[in-house]
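Okay, structure first, notes after.
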Amino acid sequence: MRKRDGHRFVVALLILLAGVSAHAQSSAYKAVLRWVQPTLYPLHLAVNESGTHAAVRVGYNLVGWLNLNTGVVERIIPTRRFPLVAIELRQNRLLIADQTHPTTGARPTSQIALWDVASWQPIRVIGVNASLVSATLSRSGDYVAAVGRDRVVRVWRVSDGALVMQAAQAFVPTAVAFTADETRIVTSDAYGYLRMWSLSGAYLGQTRIAWTGAQRLANSPDGNWLILGMPNTESRALGFSWQAGTVAWYAPYNGGVTGIAFAPNAVFIGATDANIYQHDLATGQRLTQFNTRTSVQSLGIAGNHSVLVAGCFHFPFLGNFPFNLFSDYNLALVEVWSPSGARLRQFYGDLTRPMAVDASENGVHLAAGDFEGNLYLINKSTGAIVNRFAAHSDQVGSVALSASGRYLASCDMYEAKLWDVQNPASPVLLYTFASPEPGITQVRLSPDEQTLAVVSRSGIFVLERATGALLFSIAGGEEERFAPECAAFSPDSQTLAVGGRMNSVFFYDANTGSLVGQIETASDAHDLRYASDASRLLIVESSRVRVVDLSSGADVASYESTVEEARFALNDTMLTVLRAGNTYLWDFSSETELSRAIIPFDSELLAYSDMATGSGGRVFYTSFANHGIAAWVLTRRADVNGDGCVDDADLLEVLFAFGSAGSMPADVNEDSVVDDADLLEVLFNFGNC
Numbered sequence: 124m125r126k127r128d129g130h131r132f133v134v135a136l137l138i139l140l141a142g143v144s145a146h147a148q149s150s151a152y153k154a155v156l157r158w159v160q161p162t163l164y165p166l167h168l169a170v171n172e173s174g175t176h177a178a179v180r181v182g183y184n185l186v187g188w189l190n191l192n193t194g195v196v197e198r199i200i201p202t203r204r205f206p207l208v209a210i211e212l213r214q215n216r217l218l219i220a221d222q223t224h225p226t227t228g229a230r231p232t233s234q235i236a237l238w239d240v241a242s243w244q245p246i247r248v249i250g251v252n253a254s255l256v257s258a259t260l261s262r263s264g265d266y267v268a269a270v271g272r273d274r275v276v277r278v279w280r281v282s283d284g285a286l287v288m289q290a291a292q293a294f295v296p297t298a299v300a301f302t303a304d305e306t307r308i309v310t311s312d313a314y315g316y317l318r319m320w321s322l323s324g325a326y327l328g329q330t331r332i333a334w335t336g337a338q339r340l341a342n343s344p345d346g347n348w349l350i351l352g353m354p355n356t357e358s359r360a361l362g363f364s365w366q367a368g369t370v371a372w373y374a375p376y377n378g379g380v381t382g383i384a385f386a387p388n389a390v391f392i393g394a395t396d397a398n399i400y401q402h403d404l405a406t407g408q409r410l411t412q413f414n415t416r417t418s419v420q421s422l423g424i425a426g427n428h429s430v431l432v433a434g435c436f437h438f439p440f441l442g443n444f445p446f447n448l449f450s451d452y453n454l455a456l457v458e459v460w461s462p463s464g465a466r467l468r469q470f471y472g473d474l475t476r477p478m479a480v481d482a483s484e485n486g487v488h489l490a491a492g493d494f495e496g497n498l499y500l501i502n503k504s505t506g507a508i509v510n511r512f513a514a515h516s517d518q519v520g521s522v523a524l525s526a527s528g529r530y531l532a533s534c535d536m537y538e539a540k541l542w543d544v545q546n547p548a549s550p551v552l553l554y555t556f557a558s559p560e561p562g563i564t565q566v567r568l569s570p571d572e573q574t575l576a577v578v579s580r581s582g583i584f585v586l587e588r589a590t591g592a593l594l595f596s597i598a599g600g601e602e603e604r605f606a607p608e609c610a611a612f613s614p615d616s617q618t619l620a621v622g623g624r625m626n627s628v629f630f631y632d633a634n635t636g637s638l639v640g641q642i643e644t645a646s647d648a649h650d651l652r653y654a655s656d657a658s659r660l661l662i663v664e665s666s667r668v669r670v671v672d673l674s675s676g677a678d679v680a681s682y683e684s685t686v687e688e689a690r691f692a693l694n695d696t697m698l699t700v701l702r703a704g705n706t707y708l709w710d711f712s713s714e715t716e717l718s719r720a721i722i723p724f725d726s727e728l729l730a731y732s733d734m735a736t737g738s739g740g741r742v743f744y745t746s747f748a749n750h751g752i753a754a755w756v757l758t759r760r761a762d763v764n765g766d767g768c769v770d771d772a773d774l775l776e777v778l779f780a781f782g783s784a785g786s787m788p789a790d791v792n793e794d795s796v797v798d799d800a801d802l803l804e805v806l807f808n809f810g811n812c
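The numbering used here puts the sequence shown at residues 124 to 812.
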């Protein structure tokens, strides 16, 4: 660079830095994943050639490398954490395709990531300016095909990433597959048509085989058969003969087809009716069926046909077909079968359906409780599970760690328990409190660690932490118009705020139980949180979230919407809010809307959520029964390396990656390319910590 050019660059840099605002809104921040303790979430999986491992979708839309002999997830493969549409494994090539999210970036870009599983090095990333619905690898692993909601079929060569074929079709496609010889591409669409193209892009024709689209397509290795897996509305598999050019057989089930795997002269079909069916490939005759624990969502077979692997998951509520077939809501597991029908192993993962989470402010642990009644102690810094122990006979509804981390309170709907976890390897049960009636919803420990509050719809029970003696109680009940659901101790431990189904938040003296104040609410209150200086109270109501000034009783901010969770963040200047599947950062002093999701899930199913915070709200923890627990750090979007400050290291990362495509930290604005917009964002935020 010439001296004059360098001078101009420095001047431009100074001008840009002079424009940095002293006040940063929520859009200037991002959530960086510190660690994740995921559940198995096996809606997609692929088995390696030898049958020793499977690439399995786990919580938070990540991919785990699962040892099929031990059940250990040996590696977490990074993704963009967007909903996945495909995981496939051919030879040593692993494909992971995601679906675009509408809240990210300027363009709707999906991504196909390719990995070499022998070296665990990335091969390449393919960005697609469309919302993908299906993607697949050819049998040799040399080509990738994908279809999207833009009704375009695309094929790339893996070796150089070149787009070798692109063609439009009339209706939105539902699935795509290569023929066994890799010379043709077949798609199904929403109206039941099969369409075919040559690899060079020549259109080869169409045929209608159903009234709705297949959600799974797979060609047999011998090239003679195309198997179509139909959704719940048709609940059957079709065997399409390439030689005859027509459907030669069909097999009805009690649920939709979610997986297809081939063995010599046979095909295995996984269905949501909790069965794996084996059919003669030529005739469709049912040879046998295996009963799985719950709905099959994915199916794979080893290349050497040694094991058959099913990903099973039971969606909550009405997400299953047939409806209410099982009682195992949100239960996820991977089942390993022999092709002859013997269940060899089943794995549930290290974390099973977490229901509640809490973090100690000064301690080293995070506590969690799950659907099965287990409690977990997790290292806050690393995410390692320190201990898991059986604690309750029913699902854990709430957990609370004391400020020092020594005491842990937990409850199911019948009992509350207090534990001494100073030695996390050997927790000691101090006492159990049984509610007069079922309906415990929450437990809370005072900041000074002297008092335990048990919240029940039949009333509030305040206990001495050391002995379990009842200090006072406030009777309630639905008929009393006083049905508590939540509570919060003030930072000085002198006041207990109580909310629930009574259209008010009541404030009590935490030592005597005397009523000292009241704030009206428009609807039921589901959660309460004090600011660290006790000046404000966060109230999560049924139809809005509020921040109230406690000196005046006036709203500092109010957002009219149903939210699942909310917590103070960044030294009480903002809120982290979970709403409709997305986690938002809300600067309530200047923003009237939740504008940008820092953790986008969108339409992805989330069940039984909870949230905890630490480090002054700069770190927060999310918990979902079907995704697991994750730790996030709030930092500036321009903080590329995530060290908490925007500095020369971040600037260098953007410069070194300039012009690169795909998802990477240097792509600050998440538009799938590192360009001048990313550089400018780093410059505008330079020096902020």
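Built from N, CA and C at the ideal position, the CB exists for glycine as well.
Quantities reported herein were computed from a predicted structural model and do not represent experimental measurements.
Best match in the options for proximity to residue i [C-alpha to C-alpha]
i, options, result
"Asn355", "Met319, Ala394, Trp238 and Leu361", "Ala394"
"Thr310", "Ala303, Met288, Val621 and Ser257", "Ser257"
"Ala341", "Asn171, Val295, Thr259 and Tyr376", "Thr259"
"Ile563", "Glu538, Leu553 and Glu587", "Glu538"
"Ala735", "Gln329, Val480 and Thr202", "Val480"
"Ala780", "Asp799, Gly767 and Gly765", "Asp799"
"Asn749", "Asp733, Arg719 and Asp762", "Asp733"
Residue i vs residue j beta-carbon contact at 8 Å
i, j, result
"Ser624", "Ala645", "For clarity, residue 624 is Arg in the given sequence; the question names Ser instead. No; because the gap between Cβ atoms is not below 8 Å, this pair is not in contact."
"Met478", "Val419", "no"
"Pro165", "Asn184", "no"
"Ala384", "Leu349", "no"
"Ala526", "Glu572", "yes"
"Val742", "Ala754", "yes"
"Val522", "Gly492", "yes"
"Trp460", "Thr406", "no"
"Thr417", "Ala397", "yes"
"Gly182", "Thr162", "yes"
"Val179", "Leu168", "yes"
"Gly740", "Ala689", "no"
"Pro462", "His428", "yes"
"Gly174", "Arg216", "no"
"Ser489", "Ser533", "Contrary to the premise, residue 489 reads as Leu rather than Ser in this sequence. Their beta carbons are not under 8 Å apart, which means Leu489 does not touch Ser533 by this criterion."
DSSP three-state assignment for residue i, whether helix, strand or coil
i, result
"Gly740", "helix"
"Leu802", "helix"
"Tyr631", "strand"
"Asn171", "coil"
"Tyr314", "coil"
"Glu776", "helix"
"Asn502", "strand"
"Asp771", "helix"
"Ala151", "helix"
"Tyr183", "helix"
"Gly810", "coil"
"Asp221", "strand"
"Leu454", "coil"
"Gly472", "coil"
Bridge partners - residue i, DSSP secondary structure assignment
i, result
"Val278", "Ala268 and Met288"
"Gly324", "In the DSSP output, where bridge partners are listed per residue, Gly324 has none listed."
"Ser521", "Cys534"
"Met697", "Ala692"
"Ala620", "Ala611 and Phe630"
"Gly250", "Gln234"
Alpha carbon of residue i to alpha carbon of residue j, nearest angstrom
i, j, result
"Glu643", "Ile501", "38 Å"
"Met353", "Arg339", "7 Å"
"Leu806", "Lys153", "17 Å"
"Ile249", "Val432", "28 Å"
"Asp650", "Val663", "5 Å"
"Phe630", "Gly636", "9 Å"
"Asp535", "Gly582", "15 Å"
"Ile246", "Arg318", "30 Å"
"Ile424", "Ala455", "19 Å"
"Arg466", "Gln401", "15 Å"
"Leu541", "Leu568", "10 Å"
"Gln292", "Arg213", "27 Å"
"Asp656", "Asp672", "11 Å"
Residue i beta carbon near the ligand ADP (any heavy atom closer than 7 Å)
i, result
"Gly393", "Of ligands this structure carries none, so the ligand ADP is not represented either."
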